[in-house]
Amino acid sequence: MAYGQMRMLLADRIAGAVSRAARVASLAVRLATTTRMWPSDVYAAVATARFMAAHELIERTADAVQDDDEVDVVHLSQPLWFGGTTIFEER
């Protein structure tokens, strides 16, 4: 990959990240203004979503490995956008 291609790829990824951040901020502003939610309410909703996502991840993992005796779960963690929390890690 040429140097110019690498720079353009990096610029494209940065533009995509900025675009996604702008969409999330737009959604947060829209939620805060149309639903009359205070910032603390938005924070509580985001914190609840994080724990609900962890619960959903645990349920999906349990369903996926329930019937298969050959599968061992050694590590289970949330994606970075939910905090990157490690839920389970075999030691």
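For the sequence shown, the working numbering assigns the number -9 to the initial residue and increments by one for each residue that follows.
Glycine is no exception: its CB is placed at the ideal position from the N, C-alpha and C atoms.
- Contact between the segment 23 to 32 and the segment 45 to 55 is not established, with fewer than three Cβ pairs separated by less than 8 Å.
- Straight through space, the alpha carbons of residue 55 and residue 64 are spaced by roughly 12 Å.
- Taking residue 42 as reference, the option from 60, 59 and 75 with the minimal CA-CA separation is 75.
- Distance from the CA atom of residue 37 to the CA atom of residue 44, rounded to whole angstroms, is 11 Å.
- With respect to residue 67, residue 80 sits apart: the two C-beta atoms are not nearer than 9 Å.
- Remark: C-beta atoms of residue 17 and residue 35 do not approach each other more closely than 9 Å.
- Per DSSP, residue 66 lies in no alpha helix (DSSP H); the unbroken beta strand (DSSP E) holding it starts and ends at 65 to 67.
- Residue pairing of residue 76 in beta bridges, as defined by DSSP: 67.
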